[in-house]
């Protein structure tokens, strides 16, 4: 058996545990160790990506227990793409955290960072619903602690809301899992895909309730309206490096929708075919528009960045909600783009806030910034990416979504919301940029701005470099996204790989009824 | 048996929802605890309620309970316990940081 798929779970687990014990290390040693661990995870993700690039599905059965009974980790193109994305964002945000010494307040910051990665990477790799729940909890409990890091009153308040909401979400998740297990007798994704089409009409309503409860949970994690109000305040309050990593966190909800619904509740699912379709599109369009309005209403740069996350999740879920091959392809491309763009925005905003001695990140008239030209250009490039203007990747992503929606009954609504919201975001970002960089007073004497170090600058620049690569190799990236879209729309390959092509009918197995 | 079980879960859930809608952190915390009890019972019931049978399985026994929900519910209890502990600490922190136990911070 190829042991590569377990590495993204084991590496952060071991590194995090070592870091927990590292209280006597010097800060330099701790920084070097966690940077090396994150770099190792990026390298592993890249190796995994190279292995599954051609469409192979790597299945890792823990303890050798054959699926559908044992626990499986499954690495396919979708999971590998998200692992690489996580690796890139984790490297950049950890580099920023080290450069700004975010972990100085509490040495456990670096251990929590690793546990956060453990939860994220596990959630992307797991092959069954219950372990998805477990990894969700791992990533959530690490994220609560990371969000609280520094313990300012703002963070405590935001974290209280996030924790309560997510605990209720976990309860609903378990209810959904129990309902689905109760009628199907399995939680393995591939096995569910085989059992659900054969459900009787007496069992189908229970499974439908379970599926829609899970949708509520995934909507909460991905901050879809009306469950997304917690996000801008929480992300706006978090330390910059943490907020940048959290850009991946919302994408876990989107990933779960992409993984579960086309596979188990897709068009082939009999009575439960396309259960999520009627709900997802209207809610996604609403969050898109609402997110854009939030961006324009925000009064500080951090809140702008927080609302941008909501806006980009909205656009992303519009693509997912089309439930078509082209829609999935657009969603993959847009996921990669929007995660990188939001992470870069959080880092750049923090650099700006550090450089403005009196006003911080508020959109007020303040003293001119000592490094205004440099940070202004960085902000400009990031804003162009976020708003989806040519020539950067946001534009390509938006075109892919618009193209994919052609032929859908709601095309006119989708086009007008997407383009209208994009216009609002452009206006909001230009207003924010001009307020911060142009409407300034003379520089006062004696102010001591936080000088942006080379490493702190390198982090957002590296992310923006990846965004540029996404355009420079746009043809390859789009072709790959389309291949992933095909995988999601035709899950037979995934199902055969997990269940070993054993096409035994579900009734053959011993059912405990 | 089924009716009793269902009524118990329903009562726990409705109490939990009522408490979750309170404005102070302590009732919310109790609400979360009750909700997790209800959820754990529900999860346990997904393996069907079987009476007068072997606890796991034995040679030649036809009726036995499904072990998987029991394993799931154990995991869920452990996770729920950890989360509740975190929530208690966080609620205490919030009182210290914001000067009150209102869920929106401070004393309202």
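Residue numbers (the numbering used here), protein chains in the order written: chain P, 125 to 637; chain H, 104 to 211. Think of the CB as a built atom: it goes at the ideal place given N, C-alpha and C, for glycine as much as any other residue.
6 Å CB neighbourhood of residue i in its chain, flanking five on each side removed
i	result
residue 362/P	271
residue 341/P	293, 296, 297
residue 420/P	548, 552
residue 606/P	453
residue 162/P	214, 215, 218
residue 305/P	311
residue 587/P	216, 464, 467, 468
residue 139/P	161, 238
residue 365/P	217, 220, 221, 226
residue 155/P	222
residue 520/P	598
residue 638/P	Past the edges of chain P, shown from 125 to 637, lies residue 638/P, and the structure says nothing about it.
residue 286/P	354, 358
residue 122/H	130, 133, 134
residue 367/P	359, 470
Candidates the options: closest to residue i by CA position
i	options	result
residue 129/P	152/P, 163/P, 180/P	180/P
residue 203/H	429/P, 497/P, 280/P	280/P
residue 94/P	525/P, 535/P, 487/P	Here chain P comprises residues numbered 125 to 637, so residue 94/P is not present and cannot be evaluated.
residue 358/P	578/P, 418/P, 419/P, 430/P	430/P
residue 197/P	489/P, 252/P, 330/P	252/P
residue 354/P	256/P, 375/P, 289/P, 457/P	289/P
residue 245/P	136/P, 586/P, 456/P	136/P
residue 485/P	382/P, 424/P, 285/P	424/P
residue 489/P	567/P, 533/P, 438/P, 230/P	567/P
residue 199/P	383/P, 233/P, 139/P, 324/P	383/P
residue 388/P	522/P, 242/P, 276/P, 334/P	334/P
residue 299/P	338/P, 558/P, 586/P	338/P
residue 639/P	436/P, 391/P, 427/P, 393/P	Residue 639/P lies beyond the range of chain P shown here (125 to 637); nothing can be said about it.
residue 416/P	302/P, 343/P, 560/P, 432/P	432/P
residue 213/H	231/P, 422/P, 254/P	Nothing about residue 213/H can be read from this structure; chain H reaches only from 104 to 211.
residue 509/P	374/P, 442/P, 584/P, 183/P	584/P
residue 603/P	183/P, 428/P, 456/P, 209/P	456/P
residue 230/P	264/P, 148/P, 544/P	148/P
Close-in-space but distant-in-sequence residues of the same chain around residue i (CB under 7 Å, 5 per side omitted)
i	result
residue 619/P	314, 317, 318
residue 630/P	Residue placement at residue 630/P cannot be trusted, given a pLDDT of 46 that sits under 50; what the coordinates show is reported in the next sentence. Taken in chain order, the residues that qualify are 318, 319, 322.
residue 612/P	202, 382, 386, 452
residue 146/H	172, 175, 176, 179
residue 328/P	395, 396
Bridge-paired residues (DSSP) for residue i
i	result
residue 312/P	252/P
residue 564/P	490/P
residue 199/P	182/P
residue 424/P	486/P
residue 205/H	127/H
Close Cβ partners of residue i (< 8 Å) along its chain, the five nearest in sequence each way excluded
i	result
residue 198/H	128, 204
residue 590/P	212, 464
residue 228/P	151
residue 527/P	450, 454
residue 559/P	487, 488, 489
residue 627/P	Bear in mind that the predicted position of residue 627/P carries a pLDDT of just 49, short of 50, making it unreliable; the figure below should be weighed with that in mind. Correct list: empty, nothing qualifies.
Integer-rounded CB distance, given that residue j should sit under 8 Å from residue i
i	j	result
residue 440/P	residue 459/P	6 Å
residue 239/P	residue 158/P	Actually they do not touch by this definition, with Cβ atoms about 12 Å apart.
residue 133/P	residue 249/P	7 Å
residue 386/P	residue 615/P	7 Å
residue 275/P	residue 196/H	7 Å
residue 507/P	residue 557/P	6 Å
residue 256/P	residue 247/P	6 Å
residue 173/P	residue 204/P	4 Å
residue 503/P	residue 523/P	Their Cβ separation, rounded to whole angstroms, is 24 Å, which puts residue 503/P and residue 523/P out of contact at 8 Å.
residue 514/P	residue 200/H	Rounded, the Cβ-Cβ distance is 45 Å, inconsistent with contact.
residue 564/P	residue 491/P	7 Å
residue 307/P	residue 344/P	The Cβ separation is near 23 Å, so there is no contact.
residue 621/P	residue 183/P	6 Å
Contacts that residue i makes with chain A (C-beta to C-beta distance below 8 Å)
i	result
residue 236/P	In summary, chain A is missing from the structure at hand, where the protein chains are P and H.
**Item:** Inter-stretch contact at 8 Å, needing at least 3 Cβ pairs: the segment 220–228 of chain P / the segment 590–599 of chain P
**Value:** no
**Asked** If we count Cβ pairs, one from each stretch, closer than 8 Å, do we get three or more for the segment 397–405 of chain P versus the segment 445–463 of chain P?
**Response** yes
**Message:** Does the structure place the segment 142–151 of chain P close enough to the segment 188–204 of chain P that three or more beta carbon pairs sit under 8 Å?
**Reply:** no
**Request:** Check whether the segment 115–131 of chain H touches the segment 346–360 of chain P, counting contact only when three or more Cβ pairs, one atom from each stretch, lie closer than 8 Å.
**Result:** no
**Prompt:** Do the segment 530–542 of chain P and the segment 457–464 of chain P make contact, defined as three or more Cβ pairs closer than 8 Å?
**Reply:** no
**Asked** Are three or more beta carbon pairs between the segment 369–378 of chain P and the segment 394–402 of chain P nearer than 8 Å?
**Response** no
**Prompt:** At a cut of 8 Å, does the segment 173–190 of chain H reach the segment 128–137 of chain H through at least three beta carbon pairs?
**Reply:** yes
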